[in-house]
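S.K.: Just so you know, we're using the UniProt record's numbering here: the sequence shown kicks off at 1 and counts up by one. By construction, the Cβ of each residue, glycine as well, lies at the ideal position given by its N, Cα and C atoms. From a predicted model like this one, the values you see are computed outputs, not experimental measurements. I have a structure I would like to understand better, so I am pasting it below and will then ask my questions one at a time.
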Amino acid sequence: MKLIGNKNNFEKFLAKVNEMGYLMDDMLPSDWGLNLTRTSVKLNDLLAEYHFKMNQVTVTKTDNDVIKIQTTLLDTDLNVSAKTTTILEANNQIDYIDHFINWWQWQFNCKLALIASCINLFEDYI
């Protein structure tokens, strides 16, 4: 994970993501993957409430890196973003098939993983 933007606001950004993470724990049901549409709407509403924007870019290659998802969480108030890249390699065919079948769930997992990385960084930071 990489933080980008106004370095003076990094700590505020991480604290804000951490606070949102507590609300997410209460908001997202344990079986969130079974109703991904409703869960995505809830997450998007929560992101908007905290003035965050989530963006994902997917790159497909023909070499070893079959699929690469770049996930970005941007705080529009603090002008800080966190960015992570997840790579699904062709060499691991079981993971490839499993994730490709559950493509939307995999993208949602990337969002949750980025938020979790920010929370872990905040907990390590304080």
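Look up M1 in the DSSP assignment and say whether it is helix, strand or coil.
M.R.: As a first step, residue 1 must be located in the sequence shown, where it is residue number 1. Residue state, collapsed to three classes: coil.
S.K.: With respect to the alpha helix (DSSP H) encompassing L78, which residues constitute its N-terminal and C-terminal limits?
M.R.: For the purposes of this step, residue 78 is taken as the residue at position 78 of the sequence shown. First-last for L78: undefined, no H or E at that position.
S.K.: Looking at the secondary structure, which residues open and close the beta strand (DSSP E) in which N9 lies?
M.R.: Reading the sequence shown from its first residue, position 9 is the one you call residue 9. No beta strand (DSSP E) holds N9; DSSP gives it neither H nor E.
S.K.: T39 and L28 look like a contact to me (Cβ under 8 angstroms); what is the Cβ gap, rounded to whole Å?
M.R.: One-based indexing of the sequence shown puts residue 39 at position 39. One-based indexing of the sequence shown puts residue 28 at position 28. Rounded, the Cβ-Cβ distance is 6 angstroms, consistent with contact.
S.K.: How far does the alpha helix (DSSP H) with K111 in it extend, from its first residue to its last?
M.R.: Position 111 of the sequence shown holds residue 111. For K111, the enclosing alpha helix (DSSP H) covers residues 103-125.
S.K.: Report, in whole angstroms, the separation of the C-beta atoms of Q107 and Q70, which I expect to be a contact under 8 angstroms.
M.R.: Numbered from its first residue, the sequence shown carries residue 107 at position 107. Numbered from its first residue, the sequence shown carries residue 70 at position 70. Contact annotation, Q107 with Q70: C-beta distance approximately 11 angstroms; criterion of less than 8 angstroms not satisfied.
S.K.: If you draw a straight line from the alpha carbon of residue 128 to that of L3, how long is it in whole angstroms?
M.R.: The first residue shown for the chain is 1 and the last is 126, placing residue 128 beyond what the model contains.
S.K.: Assign K61 to one of three DSSP states: helix, strand, or coil.
M.R.: On the sequence shown, position 61 is the one that residue 61 refers to. If DSSP states are grouped into helix, strand and coil, K61 belongs with coil.
S.K.: How should V41 be labelled, buried or exposed, when 16 other C-beta atoms within 10 angstroms of its C-beta is the threshold for buried?
M.R.: Taking the sequence shown and counting its residues from 1, one reaches residue 41 at position 41. V41 is exposed by the Cβ-count criterion.
S.K.: Are the CB atoms of residue 129 and L73 nearer to each other than 8 angstroms?
M.R.: Nothing in the structure corresponds to residue 129, since the chain is present only between 1 and 126.
S.K.: Along the alpha helix (DSSP H) that carries N44, what are the first and last residues, could you check?
M.R.: The residue you call residue 44 lines up with position 44 of the sequence shown. From DSSP, the alpha helix (DSSP H) with N44 extends over 36-49.
S.K.: Grab me the residues of F13's own chain with a C-beta within less than 6 angstroms of its C-beta, minus the 5 sequence neighbours each way, in chain order.
M.R.: Here residue 13 refers to the residue found at position 13 when the sequence shown is read from its first residue. Result list for F13: D75, L78, V80, in chain order.
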